[in-house]
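Those protein sequences? They're chains A and B, same order as listed.
Heads up: the first sequence begins at 232 in the working numbering, then just goes up one per residue.
Heads up: the second sequence begins at 12 in the working numbering, then just goes up one per residue.
For each residue, glycine too, the CB sits at the ideal point set by N, CA and C.
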Amino acid sequence: MAYVVGTTLPTLTVRLTRADLVRYAGASGDFNVIHWSERTALAVGLPGVIAHGMLTMGHAIRVVTEWTGDPTKVVDYQVRFTRPVVVPDDDLGAEVTFGGTVTSVLDDGSAVITLTAVFDGASVLAKALVTVKP
Amino acid sequence: MALDPANVGREFTSDRSYLVGRERVREFATATGETSPLCHDVDAARAAGYADIVAPTTFPIVITLNAMGAAVTDPSVGVDWSRVVHGDQRFHYERPIVAGDELTVRTVIESIKTLAGNDMVTLRGDLYDATGACVGSTWTALVQRGA
Numbered sequence: 232m233a234y235v236v237g238t239t240l241p242t243l244t245v246r247l248t249r250a251d252l253v254r255y256a257g258a259s260g261d262f263n264v265i266h267w268s269e270r271t272a273l274a275v276g277l278p279g280v281i282a283h284g285m286l287t288m289g290h291a292i293r294v295v296t297e298w299t300g301d302p303t304k305v306v307d308y309q310v311r312f313t314r315p316v317v318v319p320d321d322d323l324g325a326e327v328t329f330g331g332t333v334t335s336v337l338d339d340g341s342a343v344i345t346l347t348a349v350f351d352g353a354s355v356l357a358k359a360l361v362t363v364k365p
Numbered sequence: 012m013a014l015d016p017a018n019v020g021r022e023f024t025s026d027r028s029y030l031v032g033r034e035r036v037r038e039f040a041t042a043t044g045e046t047s048p049l050c051h052d053v054d055a056a057r058a059a060g061y062a063d064i065v066a067p068t069t070f071p072i073v074i075t076l077n078a079m080g081a082a083v084t085d086p087s088v089g090v091d092w093s094r095v096v097h098g099d100q101r102f103h104y105e106r107p108i109v110a111g112d113e114l115t116v117r118t119v120i121e122s123i124k125t126l127a128g129n130d131m132v133t134l135r136g137d138l139y140d141a142t143g144a145c146v147g148s149t150w151t152a153l154v155q156r157g158a
């Protein structure tokens with residue numbers, strides 16, 4: 232597809248609950264205790280149980296894959312984790328809103344998309360860049 | 012204690028290959044909200060020209076994080092896994108990973124820096140298929156908080 236600089240991708244809002252963290256732990260094999268034990272999370276100085284950064288990263292790319300309709304178009308994807316997503320032990324969980332904008336189009340027709348991720352009024356990902364094939 | 016920069020450039024190769032399982036790919040896709048038929052439906056993936064369902068974009072972390080953990084907690088490197096937080100993550104693909112791929116990881120310690128009393132270790136993991144071709148690479152920056 233032909234990409235145009237400045238195109239804004241549809242936003243995506245995801246609610247992450249403790250059940251989602253447990254599901255991701257099982258699917259990924261990342262059983263770090265801070266992602267399921269409040270007691271341990273508090274003991275190491277966190278405000279509570281936090282989502283796996285990789286779970287946030289995994290959801291963020293959906294802004295792109297749902298837009299292109301083809302996850303295999305992604306050839307490069309990077310993020311910096313800047314703030315934790317704290318997930319309370321309730322039915323509402325933590326709400327994270329993702330967005331994306333086409334920030335450059337390369338000579339071969341590939342595009343670079345810059346993603347955003349906001350939780351509790353603050354950005355949780357920085358330098359979130361995705362390169363997609365034409 | 013600061014990590015020794017002499018470890019930069021060291022390589023670790025996984026002694027076992029990782030067989031990408033179809034159900035594991037589906038479970039990972041479900042856990043990360045990826046609904047593309049390419050990641051769930053074998054017929055859809057084959058119709059698109061793939062041998063089997065396609066792994067979601069961030070799936071390689073399943074393979075490389077274990078390999079990296081084993082490398083950096085080696086006593087000669089000395090990372091304390093309980094004090095580590097994930098700083099940066101990058102994936103680069105040469106081709107999509109599909110169920111049935113049998114992959115090995117070569118992990119390289121690319122850099123060790125100390126910033127504001129915290130050690131930052133950047134690791135590159137190169138994934139090779141059964142033919143020896145590189146299917147992609149991951150970069151993981153781990154921050155070890157000062158003790």
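Query, Result
"Residue-level contact to chain A via CB, residue 68 of chain B, 7 Å cutoff", "yes"
"Under 7 Å between C-beta atoms of residue 294 of chain A and residue 331 of chain A", "yes"
"DSSP bridge partner residues for residue 22 of chain B (one or two, in chain order)", "B/119"
"Contact residues within the stretch 247-263 of chain A, judged by C-beta distance below 9 Å to chain B", "251, 254, 255, 256, 257, 258, 259, 260, 261, 263"
"DSSP-derived helix/strand/coil call for residue 59 of chain B", "coil"
"Beta bridge counterpart(s) of residue 125 of chain B as assigned by DSSP", "B/130"
"Contact the stretch 140-157 of chain B vs the stretch 30-50 of chain B: 3+ CB pairs below 8 Å", "no"
"Straight-line gap, residue 125 of chain B to residue 85 of chain B (C-alpha atoms, nearest Å)", "19 Å"
"Spatial distance of residue 287 of chain A from residue 153 of chain B (CA atoms)", "17 Å"
"Residue 273 of chain A and residue 318 of chain A closer than 7 Å at C-beta", "no"
"Backbone CA spacing between residue 334 of chain A and residue 242 of chain A [nearest angstrom]", "16 Å"
"Min CB distance residue 65 of chain B to chain A below 7 Å", "yes"
"8 Å contact criterion, which residue 302 of chain A and residue 45 of chain B should meet: CB distance rounded", "7 Å"
"is_contact[residue 310 of chain A, chain B] using C-beta, thresh 7 Å", "yes"
"Length at least 3, wholly inside the stretch 27-108 of chain B: the beta strand (DSSP E) runs in chain order", "95-104"
"Closer than 7 Å at the beta carbon, the chain B residues around residue 293 of chain A", "44, 45"
"Whether residue 64 of chain B touches residue 110 of chain B by CB criterion (7 Å)", "yes"
"The beta strand (DSSP E) enclosing residue 298 of chain A, as first and last residue numbers", "Counting along the chain, residue 298 of chain A falls outside any beta strand (DSSP E), though it belongs to the alpha helix (DSSP H) covering 293-299."
"Residue 323 of chain A: first and last residue of the uninterrupted beta strand (DSSP E) it sits in", "No beta strand (DSSP E) contains residue 323 of chain A, which DSSP labels as neither H nor E."
"Residues bridged to residue 137 of chain B (per DSSP)", "B/117, B/148"
"Simplified DSSP assignment, three categories, for residue 268 of chain A", "coil"
"Neighbour flag for residue 155 of chain B against chain A, beta carbons, 7 Å", "no"
"Contacting positions in the stretch 99-127 of chain B - beta carbon closer than 8 Å to chain A", "99, 100, 101, 102, 103, 104, 107"
"The alpha helix (DSSP H) enclosing residue 254 of chain A, as first and last residue numbers", "249-259"
"Touch test, the stretch 29-36 of chain B against the stretch 58-72 of chain B, Cβ-Cβ under 8 Å, three pairs minimum", "yes"
"Paired residues, beta bridge with residue 329 of chain A - DSSP", "A/243, A/348"
"Inter-residue CB distance, residue 134 of chain B and residue 114 of chain B (contact presumed, cutoff 8 Å)", "Rounded, the Cβ-Cβ distance is 16 Å, inconsistent with contact."
"Beta-carbon gap between residue 348 of chain A and residue 356 of chain A smaller than 7 Å", "yes"
"Minimum C-alpha distance to residue 309 of chain A - residue among A/291, A/264, A/336", "A/291"
"Residue 246 of chain A classed as buried or exposed, judged by whether at least 16 other C-beta atoms fall within 10 angstroms", "exposed"
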